[in-house]
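*Asks:* In order, the protein sequence lines correspond to chains A and B.
Start counting at 1 in the first sequence, then tack on 373, and there's your number in my numbering.
Start counting at 1 in the second sequence, then tack on 4, and there's your number in my numbering.
First, the structure itself, so that you have it in front of you.
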Amino acid sequence: MLVRPKPGILDPQGQAVEGSLRHLGFDVVHAHVGRLVEVELETDDREEALAQLERMCEELLANPLIESYAIELERV
Amino acid sequence: MTGASEIHPTIPVLVFPGSNDDRDAQLALERLGASAPRVWHTDEVLPPGTAAVVLPGGFSYGDYLRCGAIARFSPIMRAVAAFAGNGGLVLGICNGFQILTEAGLLPGALRPNETLSFVCRDTPLRLVRTDTPFTSRCIDEQHLTIPVKHGDGCWFADDDLLAEVEANDQVVLRYAQGCNPNGAVADVAGVVNADGNVFGLMPHPEHAVDPLLGSTDGGLLLGSLVDAARLSLAAVV
């Protein structure tokens, strides 16, 4: 699950990283810093896994007022 | 008849793993006439006769994930939510404010300071409301000086939420003009819930109760809470 600041929300950490990357000579237009949360689930059911992960994001991992999230699923 | 000042209302100070202002809060409240037991976060009930609750500053659960995001799952928080739901007085200071927003008891969110720097200094504040249980000892538009010390004190609300909070007069305390230490939206330093019984603020009133430390303005806020707690007890009796 990738959790990141919502578009338009001031992201001072992203700005600091952006400035540093420019210092290194990279032609960076914008940088945003988010958070990666990896979890392993027992289930084989893709739909169920997705539903659980969405609830995790809604109830804890992301604060919906300031953060958005994206989910990636992978079979292990 | 017992004089009101002889009543020592019970105002527990919650202690989460990583809280570090609980003893200062306890000391300040006791000097103002309250009985302020410290209550460990795994307790499931508040002490008998609890008249108000204080969530102190610190770094509960190491500020993991987001400040306050984990502490809201502590067993004692269920009791706090029920207490607040019944109109009980709840004050969250700094990390306590962060916990109350994460628990959905106060509007908004506390984000990393705009500068990314930890700020620790006396901060001029402008009191917006005196008609709350947390500010009754103050006068309208009073200027207060109370220290802040935080890395994540940038109160945020999107346009809709801010409009709602302003329309309900929920902003109680603002940073004085030009003295916003963290980039908070609309210079908000402290807000109450819609019912007015839950208050959260980033400045630390418990660090401003002794002239030796430069300001006693924090005592006005905590003293107001002690007064209100006494009144709530008198109402029960």
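All residues carry an ideal CB built from backbone N, CA and C; glycine is no exception.
1. Consider the Cβ of proline 116 of chain B: report whether some Cβ of chain A lies at a distance smaller than 8 Å.
2. Quick one: is alanine 389 of chain A near chain B, going by C-beta distance under 8 Å?
3. Between aspartate 25 of chain B and glycine 72 of chain B, which are expected to be in contact by the criterion C-beta below 8 Å, what is the C-beta distance as a whole number of angstroms?
4. Between glutamine 386 of chain A and chain B, is the shortest Cβ-Cβ distance under 8 Å, so that the two count as touching?
5. Pull out every residue of the region 136-161 of chain B whose Cβ sits closer than 7 Å to any Cβ of chain A, in chain order.
6. Once DSSP output is grouped into helix, strand and coil, what is the label at tyrosine 68 of chain B?
7. Does the beta carbon of leucine 120 of chain B sit closer than 8 Å to a beta carbon anywhere in chain A?
8. Using 10 angstroms around the beta-carbon of asparagine 201 of chain B, count the other beta-carbons present and answer buried if the total reaches 16, otherwise exposed.
9. In this structure, does DSSP put leucine 433 of chain A in helix, strand or coil?
10. The region 185-204 of chain B: which residues have C-beta closer than 8 Å to a C-beta of chain A, in chain order?
11. State the DSSP-derived secondary structure class of phenylalanine 101 of chain B, mapped to helix, strand or coil.
12. Counting only beta-carbon atoms, is alanine 73 of chain B nearer than 8 Å to chain A?
13. Return the bridge partner residues of proline 151 of chain B from the DSSP annotation.
14. Taking 8 Å as the threshold (beta carbon to beta carbon), is leucine 438 of chain A in contact with chain B?
15. Cβ atoms of glutamate 210 of chain B and isoleucine 80 of chain B: under 8 Å apart, would you say?
16. Excluding the 5 residues flanking arginine 59 of chain B on each side, which residues of the same chain have their C-beta closer than 6 Å to its C-beta?
17. Mapping DSSP to helix, strand and coil, what is valine 58 of chain B?
18. Counting only beta-carbon atoms, is leucine 383 of chain A nearer than 8 Å to chain B?
19. Does the region 152-170 of chain B come within contact of the region 182-199 of chain B, defined as at least 3 CB pairs closer than 8 Å?
20. Does the region 22-37 of chain B touch the region 211-222 of chain B, meaning 3 or more C-beta pairs lie closer than 8 Å?
*Replies:* Taking the geometry as given:
1. The C-beta of proline 116 of chain B comes closer than 8 Å to at least one C-beta of chain A.
2. Interface flag for alanine 389 of chain A against chain B is set, since a Cβ pair is found closer than 8 Å.
3. Incorrect: roughly 14 Å between the Cβ atoms, too far for contact.
4. Yes, glutamine 386 of chain A lies at the interface with chain B (some Cβ there is under 8 Å from its Cβ).
5. Flagged, chain order: Phe160.
6. In the structure shown, tyrosine 68 of chain B sits in coil (DSSP, three-state: anything other than H, G, I, E or B).
7. Yes, because at least one Cβ of chain A sits closer than 8 Å to the Cβ of leucine 120 of chain B.
8. With 16 or more Cβ atoms within 10 Å of its Cβ, asparagine 201 of chain B is classed as buried.
9. Of the three classes helix, strand and coil, the one that applies to leucine 433 of chain A here is helix, per DSSP.
10. Cβ contacts with chain A: Gly187.
11. Here phenylalanine 101 of chain B sits in helix by DSSP.
12. Yes, contact with chain A.
13. Residue pairing from DSSP places proline 151 of chain B in a beta bridge opposite B:Asp126.
14. By this cut-off, leucine 438 of chain A is an interface position.
15. Taking 8 Å as the Cβ cut-off, isoleucine 80 of chain B and glutamate 210 of chain B do not qualify as a contacting pair.
16. The residue you asked about is not arginine; residue 59 of chain B is leucine in the sequence shown. Around leucine 59 of chain B: Leu18, Gly96, Gly100 and Ile103.
17. Looking at valine 58 of chain B - three-state DSSP - the assignment turns out to be strand.
18. Yes, contact with chain B.
19. As far as the Cβ criterion goes, the region 152-170 of chain B touches the region 182-199 of chain B, which means the pair count is three or higher.
20. A contact exists between the region 211-222 of chain B and the region 22-37 of chain B.
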